[in-house]
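Working notes for the structure below.
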Amino acid sequence: MSIKSWSLGLLALLLLIPGVGLHAACVDNVVLIHGNTGSPSDFQNTYNLLRQNGYSDAQIYAPSWGNAYCAACNDHNGSEETPVSNAITTAIANSCTGLIDVIGHSMGATLAAREIDKLNVSSKVDVFIGIAGAFHGLWSCGTYPFNVATSTCGAWGLSVNSPFLNGIAGHRFGVKMYSFKSWIDEINCYGGVCTVGGVHTSSIDGETGSNTYAYGHYGLLWYTAADQLMLLQ
-9 MSIKSWSLGL LALLLLIPGV GLHAACVDNV VLIHGNTGSP SDFQNTYNLL
41 RQNGYSDAQI YAPSWGNAYC AACNDHNGSE ETPVSNAITT AIANSCTGLI
91 DVIGHSMGAT LAAREIDKLN VSSKVDVFIG IAGAFHGLWS CGTYPFNVAT
141 STCGAWGLSV NSPFLNGIAG HRFGVKMYSF KSWIDEINCY GGVCTVGGVH
191 TSSIDGETGS NTYAYGHYGL LWYTAADQLM LLQ
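Numbering (our numbering), first residue to last: -9 to 223.
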């Protein structure tokens, strides 16, 4: 028998042994949802770390949503929903574990929460991480109905006490839910005030845990990739 034939035979035998093969490890698919006027590349550090730790490209979903040039135009209702909803649905359908993990940044966190809630798939989300989300609203948007007159701050937006935020308050977006927050977040701590109703606006009702960092709004995403990955394990 030639060396080539022997090698091919050994490879075939190995592929028949459970747990041995050329496929990626069976882990939850991960959905990464960027913030308002952001892009999937905002998650580059997270993506790189996932790939370095055995996740394949096919196991990482990073939809692009919203108007990239008009922050005030985007909200949580309508065309912004479709890419995120499709990514979550597809990730679940293709998951080898039957579960997914979802990480959202800024408005992407509340948009992810909206779609998970609307699709009624919170039991399919093993880990939900909201990074710098405004789950209790933004003071820069005013208080509904005396809100700033933009889509982002309207009824389907992030004004304090908006119908949208009230509609998802207290709901679950995963089996485990974590928030990443900062007391120097230049977006969520407008005017130096980070709290709404006595809680940090980035906190999630019923959360499993919360990590606090001395980073700004985008640093909370860019510099916490290792901690994000740790929570997915």
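A virtual CB, placed ideally from N, CA and C, is assigned to each residue, including glycine.
Keep in mind it's a predicted model, so treat the numbers as computed, not measured.
Taking each of A122, R41, G182, P73 in turn and checking the Cα distance to P53, the smallest one comes out for P73.
One Cα belongs to T100, the other to A62, and the distance between them is close to 16 Å. At a Cβ-Cβ threshold of 7 Å, I119 and S112 do not count as neighbours. As computed with DSSP, D65 is found in no beta bridge at all.
The beta carbon of N57 sits closer than 6 Å to the beta carbons of C63, N64 from its chain, once the five residues preceding and following it are set aside; these are given in chain order. Nearest to G68 by C-alpha distance, out of Y205, A145, L211, is A145. Between H95 and the set N26, A15, G188, the nearest pair of CA atoms involves N26.
Bridge pairing for H190: T185 [DSSP]. Residue pairing by DSSP puts F118 in a beta bridge opposite V92, M167.
The way I'd put it, the region 157 to 172 does touch the region 120 to 135; three or more beta-carbon pairs between them come closer than 8 Å. In the displayed model, I50 falls within a strand according to three-state DSSP. According to the DSSP assignment, N35 belongs to no beta strand (DSSP E) but to the alpha helix (DSSP H) extending over 34 to 42.
When the five nearest sequence neighbours on each side are left out, the beta carbons in the same chain lying within less than 8 Å of the beta carbon of S193 are those of F125, H126, S169, K171, S200, in order along the chain.
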